[in-house]
Amino acid sequence: MAIRISVSTEGKSKQEKIVLTLGFSLLALLLVIGGSISCKKKAGEEMALGEEGLVAKEGIILFEGVVHVGGGKYLFISEASGFDIIVQGPLESDDVGTLVGKEVKGRGAFSPEKPSILIANNIEVKESEKDWRNVFTRTEEFVIDDYLDLEAREEFQVLKNLSFEKKEGWEGIERAKVYGKLEVETVTEGEEEKEIFRIIVLDAKDDEIGKIIVDNFTDFSQYYIKKLKFFDKLWFYFTVKDTVEWRVRRRTRELFHADVLFNGLF
Numbered sequence: 003m004a005i006r007i008s009v010s011t012e013g014k015s016k017q018e019k020i021v022l023t024l025g026f027s028l029l030a031l032l033l034v035i036g037g038s039i040s041c042k043k044k045a046g047e048e049m050a051l052g053e054e055g056l057v058a059k060e061g062i063i064l065f066e067g068v069v070h071v072g073g074g075k076y077l078f079i080s081e082a083s084g085f086d087i088i089v090q091g092p093l094e095s096d097d098v099g100t101l102v103g104k105e106v107k108g109r110g111a112f113s114p115e116k117p118s119i120l121i122a123n124n125i126e127v128k129e130s131e132k133d134w135r136n137v138f139t140r141t142e143e144f145v146i147d148d149y150l151d152l153e154a155r156e157e158f159q160v161l162k163n164l165s166f167e168k169k170e171g172w173e174g175i176e177r178a179k180v181y182g183k184l185e186v187e188t189v190t191e192g193e194e195e196k197e198i199f200r201i202i203v204l205d206a207k208d209d210e211i212g213k214i215i216v217d218n219f220t221d222f223s224q225y226y227i228k229k230l231k232f233f234d235k236l237w238f239y240f241t242v243k244d245t246v247e248w249r250v251r252r253r254t255r256e257l258f259h260a261d262v263l264f265n266g267l268f
């Protein structure tokens, strides 16, 4: 960076000339230092992003890596571990799950309002050492439907001291969360097999205090179950639905039905 400053001292006294010269010299020094810091900061940011398989460019983040988890419209790439990549719109294969295990690259839009998500603008799949094939180009506006960020999760009430005898512990509460683990049971109805999901609610000592029957999972919650498959105990965020009949509660410890919206480590 080059800076040129012209100082005219014509018609000035000796003292004025010294003050002007020193003043403009100081200004030039500050400009050089400021420009140097700005350049170093920018280079440092790009280097840090590059170390994680990400490159930032004019509000767009370039990502590249192997897809480890895919579900609904969500992708997880370990090289972009700070983001959930959202594929808004039709994919060539109609299912992001087909990208799992494949090396991909693309461009994503970053929003400061939603810092944990990256909205994919395009995705390419690696077919050979030099060849990439485009499988997605975004043509739709991003729609937040089942995504829950940290701020939204704070609105969920923790259910404490649950008991099959005290339905007031959950009735009247719309959105709640509990700590526990997911149980899957396969049952036969007629000629078809069906999976029944229950949340085993745990207390501070990891003792079972009740069960919640899961009627539905959002795509986002299913994606996070896959993403956190190595953790058997999670926080479950859900909407509270119908209470289980008293006689059944007493026999099975199943408390109520719920639709799971999210599950995470906290």
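Residue numbering for the sequence shown follows my numbering, starting at 3 and increasing by one per position.
From the three backbone atoms N, C-alpha and C, an ideal C-beta is built for every residue, glycine too.
Because the structure is a prediction, the values reported are computed rather than measured.
Kindly give me the distance between the Cβ atoms of residue i and residue j, rounded to whole angstroms, as I take these residues to be in contact under 8 Å.
| i | j | result |
| --- | --- | --- |
| F240 | D221 | Actually they do not touch by this definition, with Cβ atoms about 15 Å apart. |
| G108 | I125 | 4 Å |
| F65 | G110 | 6 Å |
| I202 | G174 | Contact doesn't hold; Cβ gap of about 23 Å is too wide. |
| F78 | K229 | 5 Å |
| L236 | L150 | That pair is no contact at about 14 Å. |
Going by DSSP, what residues sit across from residue i in a beta bridge?
| i | result |
| --- | --- |
| H259 | I215 |
| L184 | I201 |
| Q159 | A178 |
| T190 | E195 |
| I79 | V69 |
| D86 | I119 |
| V279 | Coverage of the chain is limited to positions 3 through 268, which leaves residue 279 absent and any answer about it impossible. |
| T139 | N124 |
| W134 | K128 |
| E210 | L204 |
| G266 | W237 |
Mark residue i as exposed unless 16 or more other C-beta atoms lie within 10 angstroms of its C-beta, in which case mark it buried.
| i | result |
| --- | --- |
| F258 | buried |
| G192 | exposed |
| I146 | exposed |
| K179 | buried |
| L152 | exposed |
| K75 | buried |
| R252 | exposed |
| R200 | buried |
| F219 | buried |
| S80 | exposed |
| L267 | exposed |
| W172 | buried |
| K196 | exposed |
| I214 | buried |
| R140 | buried |
| E143 | exposed |
| I198 | exposed |
| D86 | buried |
| G212 | buried |
| V160 | exposed |
| V246 | buried |
| S223 | buried |
| V250 | exposed |
Just curious, the beta strand (DSSP E) that residue i is in, first and last residue?
| i | result |
| --- | --- |
| V71 | I62 to G73 |
| I119 | K116 to K128 |
| K235 | No beta strand (DSSP E) contains K235, which DSSP labels as neither H nor E. |
| V106 | E105 to S113 |
So does residue i have its beta carbon nearer than 8 Å to some heavy atom of the ligand COA?
| i | result |
| --- | --- |
| D217 | In the structure shown, the ligand COA is absent, as is every other ligand, since no ligand is present at all. |
Note the first and the last residue of the continuous alpha helix (DSSP H) segment covering residue i.
| i | result |
| --- | --- |
| T254 | W248 to T254 |
| Y225 | D221 to K229 |
I'd like to know if the segment 111 to 121 and the segment 172 to 191 are in contact, where contact means that at least 3 CB-CB pairs between them fall below 8 Å. no
Any contact of the segment 126 to 139 with the segment 207 to 217, i.e. 3+ C-beta pairs under 8 Å? Not touching, per the Cβ criterion.
Three Cβ pairs or more, each shorter than 8 Å: is that satisfied between the segment 94 to 110 and the segment 158 to 166? no
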